[in-house]
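Participant: Handing you this structure, nothing more for now.
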Amino acid sequence: MTEADAAELRERGRKLFAGNVEFIWAAAKIDGLPPMGPTEIAFAGRSNVGKSSLLNALTGRKALARTSNTPGRTQQLNFFAVGIPGEEILRLVDMPGYGFASASKEKISSWTKLMHAYLRGRSSLARVYVLVDGRHGLKPPDLEMFDLLDSSAMSYQVILTKKDECKKSDIQARVDGVLEGLARRPAAHPEVIFTSSETGEGIAEFQEGIARLLSERGVLG
Ligand SMILES: Nc1nc2c(ncn2[C@@H]2O[C@H](COP(=O)(O)OP(=O)(O)OP(=O)(O)O)[C@@H](O)[C@H]2O)c(=O)[nH]1
Ligand SMILES: [Mg+2]
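At position 75 of the sequence shown the residue is numbered 83 (the working numbering), and the sequence of numbers has no breaks.
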C-alpha cells in the first residue's frame with residue numbers, strides 16, 4: 009500500500025466515526041440478539057481492560073459506552089450503530105469482560121455462553137478486536153479466547169490498551185510478546201495496535217484499520 013492509500017484510508021476511518029453513532033440494542037441472552045444487518049466488529053477482552061473506553065475514544069464520545077473502575081461493568085452485548093440506524097454501515101459491539109473472578113458463577117457462566125454463541129454464529133461479524141492490557145500483556149484467559157476464535161475461524165486482532173500507563177521501556181517488549189503469542193494462530197491478524205483512550209494515541213491508526221477491513225469487505229468504497 010502506498011502512503012497516499014494509507015492516508016486516504018485514515019481519512020475515511022476518521023470520517024466514518026465523525027458522523028452519527030448511537031446505542032441501538034442490548035442483548036442479555038442469545039435469543040435476544042438484534043436481527044443480523046450491517047457488518048459488525050466486536051470488542052472482547054478481560055474485564056477492566058478498557059473495552060468500553062476504547063469504544064468511546066474511537067467514536068470521539070465521552071460516555072456512549074459506560075465505563076467503570078469496577079470490573080464487570082458491561083454485562084450484556086451492547087450494539088452501537090455507526091451512521092443513521094436503519095442505514096448504518098457498521099455496528100460496534102461492546103462485550104462483557106472475561107476472567108472476572110468476583111462475579112457469581114451463574115453470571116460468569118451465562119455471559120460466557122452468550123459470548124461464545126455470538127462469536128460462533130454471527131456471519132455479519134467481520135472481526136473481533138481482543139483488547140489486552142498494555143501493562144500486563146497476554147494472560148491465560150486471552151489465550152483461551154484466541155483458541156475459541158481460531159476454532160470458529162473468526163478473524164481477530166489484538167489491540168493493546170492503556171499505553172499512557174505503560175513504561176516506555178516496556179512498550180516494544182509488550183508488542184513482541186503479543187506477536188509471539190499470535191504466531192501460528194490461523195485466524196489472527198498479525199498486526200498489533202497500541203492505544204490509549206486517555207491520550208488518544210493509536211486511535212487514528214485503529215480507525216484506519218477498521219476502514220481497511222470495511223473496504224476489503226466491499227462495504228466502504
Ligand atoms: N489510564 C488509562 N485508563 C484507562 C484507559 N482505558 C480505560 N481505562 C480505565 O480502565 C477502567 C476500565 O475501563 P472500561 O472501559 O470500563 O473497561 P471494560 O473493559 O469495558 O470493563 P468491563 O466492562 O468491566 O469488562 C476505567 O477506570 C477506565 O477509565 C486508558 O487508555 N488509559
Ligand atoms: Mg465495559
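The beta carbon of each residue, even a glycine, is placed where N, CA and C say it ideally should be. Just so it is clear, the structure is predicted and the values come from calculations on it, not from any experiment.
#1: Of all the options VAL183, ILE116, PRO42, ALA161, which has the alpha carbon lying nearest to the alpha carbon of GLY142?
#2: Quick check: the Cα distance between SER116 and LYS170, rounded to an integer number of angstroms?
#3: Let's see if you can read the secondary structure: which residues bound the beta strand (DSSP E) around GLN165?
#4: Please enumerate, following chain order, all residues with a beta carbon closer than 5 Å to at least one heavy atom belonging to ligand 2.
#5: Keeping to the same chain, check which residues put their C-beta closer than 6 Å to that of LEU41; ignore five residues upstream and five downstream.
#6: Does the stretch 206 to 217 come close enough to the stretch 164 to 179 to have 3 or more Cβ pairs within less than 8 Å?
#7: Considering only residues of the same chain and omitting the five flanking positions on each side of GLU173, which have a CB-CB separation below 6 Å?
#8: Helix, strand or coil for ILE97? Go by DSSP, reduced to three states.
#9: Give me the Cβ distance between ARG193 and ASP150, rounded to the nearest whole Å; I'm assuming they're in contact under 8 Å.
#10: Rounding to the nearest angstrom, what Cα-Cα distance links HIS197 and TYR164 in this structure?
#11: Does the beta-carbon of THR120 have 16 or more other beta-carbons within 10 angstroms, so that it is buried, or is it exposed?
#12: Do LEU63 and ASP102 have their C-beta atoms within less than 7 Å of each other?
#13: Quick one: does the C-beta of ALA170 sit closer than 6 Å to a heavy atom of ligand 1?
#14: So, for PHE25: in the same chain, excluding its five sequence neighbours on each side, which residues have a beta-carbon less than 7 Å away from its beta-carbon?
#15: Using DSSP with H/G/I as helix, E/B as strand and the rest coil, what is ILE201?
#16: What would DSSP say about ALA134, mapped onto helix, strand or coil?
#17: Please list, in chain order, all residues of the same chain as GLU206 whose beta carbon is under 6 Å from its beta carbon, the five residues on each side excluded.
#18: Can LEU122 and SER160 be called in contact, C-beta distance under 7 Å?
#19: Could you tell me whether the Cβ atoms of ALA52 and VAL136 are closer together than 7 Å?
#20: Helix, strand or coil for ALA52? Go by DSSP, reduced to three states.
#21: Can you say whether ASN86 is buried or exposed, counting buried as having 16 or more other CB atoms within 10 angstroms of its CB?
Facilitator: Once the coordinates are examined:
#1: VAL183
#2: Before going on, a small fix: residue 116 reads as Ile here, not Ser. Rounded to the nearest angstrom, the two C-alpha atoms are 25 Å apart.
#3: 164 to 169
#4: LYS59, SER60, ARG81, THR82
#5: ALA35
#6: yes
#7: ARG143
#8: coil
#9: Contact doesn't hold; Cβ gap of about 11 Å is too wide.
#10: 6 Å
#11: exposed
#12: yes
#13: For clarity, residue 170 is Lys in the given sequence; the question names Ala instead. Result yes, Cβ under 6 Å from ligand 1.
#14: LEU66, THR67, GLY68, VAL90, GLN215
#15: strand
#16: strand
#17: ASP172
#18: no
#19: yes
#20: strand
#21: buried
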